[in-house]
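Asker: I have a structure here, written as structure tokens, and I will follow up with some questions on it.
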Amino acid sequence: CCRQASLHDGFRYVPDTARDPRFEGNPLVSGDPGLRFYAGALLRTDEGQPIGTVCVLDTRPRELTERQRRGLMRLARQAMTQMELRRSLREQAEQRLLHERILDSATDYAIVAMDPQGRVTRWNTGAERILGWTESEMLGRTVDAFFTPEDR
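Okay, so the sequence shown: first residue is 267 according to our numbering, each after it adds one.
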């Protein structure tokens with residue numbers, strides 16, 4: 267049923283699927299559960315790629331108000347916003363993991379990251395090897411712990 271929403275304005279409404287030729291032979295209409303009502307809002311990525319629909323189905327024919335149509339469209343937009351946010355967060359996590367792996371693989375270099383107050387937030391394997399302290403020993407400490415007064 268949901269593939270019926272691939273349409274020009276991103277929305278399809280069929281008050282009675284039994285009377286619509288697009289649903290002819292659809293086993294969900296002619297068989298169990300005997301769907302008779304369909305409303306679907308297209309889910310589209312930011313790039314415009316359709317990926318699915320948010321559908322409302324019923325076993326009885328029914329009318330759809332303009333307010334209900336707008337609500338379904340809003341729900342589809344919110345669903346896409348959430349999916350895009352999850353994708354973005356996943357990509358950011360993958361980038362962070364890649365950066366962590368790069369930092370840890372640089373064993374010939376001491377790489378130390380600090381916050382604006384000068385506290386250590388990252389201490390790579392090279393820093394452990396070269397400076398002698400483990401990351402767990404240095405996290406949260408200030409640069410005073412490993413820089414001499416002349417180097418500060």
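Ideal Cβ placement from N, Cα and C applies to all residues, glycine included.
#1: Nearest by alpha-carbon distance to Ala284: which of Gly276, Glu313, Thr325 is it?
#2: Excluding the five sequence neighbours on either side, which residues of its own chain have a C-beta within less than 7 Å of the C-beta of Val386, listed in chain order?
#3: Once DSSP output is grouped into helix, strand and coil, what is the label at Pro293?
#4: Are there three or more Cβ pairs, one per stretch, closer than 8 Å when the segment 313-323 is compared with the segment 295-305?
#5: Determine the direct distance from the alpha carbon of Glu290 to that of Pro281, and round the result to whole angstroms.
#6: Indicate whether Leu330 and Ala305 have their beta-carbon atoms separated by less than 8 Å.
#7: Which residue marks the beginning of the alpha helix (DSSP H) containing Asp370, and which one marks its end?
#8: Taking the continuous alpha helix (DSSP H) assigned at Thr391, which residues delimit it?
#9: For Thr319, is the classification buried or exposed, using 16 other Cβ atoms within 10 angstroms of its Cβ as the cut-off for buried?
#10: Between Asp370 and Thr311, what straight-line distance do the alpha-carbon atoms span, to the nearest angstrom?
#11: Could you please give the first and the last residue of the uninterrupted alpha helix (DSSP H) stretch that includes Glu403?
#12: Can you list, in chain order, the residues of its chain with a C-beta nearer than 7 Å to that of Asp286? Leave out the 5 residues immediately preceding and following it.
#13: Starting from Val409, trace the beta strand (DSSP E) in both directions and tell me its first and last residue.
Answerer: In short:
#1: Checking every option, the nearest Cα to that of Ala284 belongs to Thr325.
#2: Within the same chain, Val386 has close Cβ partners Val378, Met380, Met404, Leu405, Gly406, Arg407.
#3: Three-state result, Pro293: helix.
#4: Enough Cβ pairs lie closer than 8 Å, so yes.
#5: For Pro281 and Glu290, the distance between alpha carbons rounds to 14 Å.
#6: Going by C-beta atoms, Leu330 is nearer than 8 Å to Ala305.
#7: Note, Asp370: alpha helix (DSSP H), 332-371.
#8: Element bounds for Thr391: 391-397.
#9: Burial call: buried.
#10: Here the alpha carbons of Thr311 and Asp370 stand approximately 35 Å from one another.
#11: Annotation for Glu403: the continuous alpha helix (DSSP H) segment containing it runs 401-404.
#12: The beta carbon of Asp286 sits closer than 7 Å to the beta carbons of Val280 from its chain, once the five residues preceding and following it are set aside; these are given in chain order.
#13: It is not in any beta strand (DSSP E) - Val409 carries neither H nor E in the DSSP assignment.
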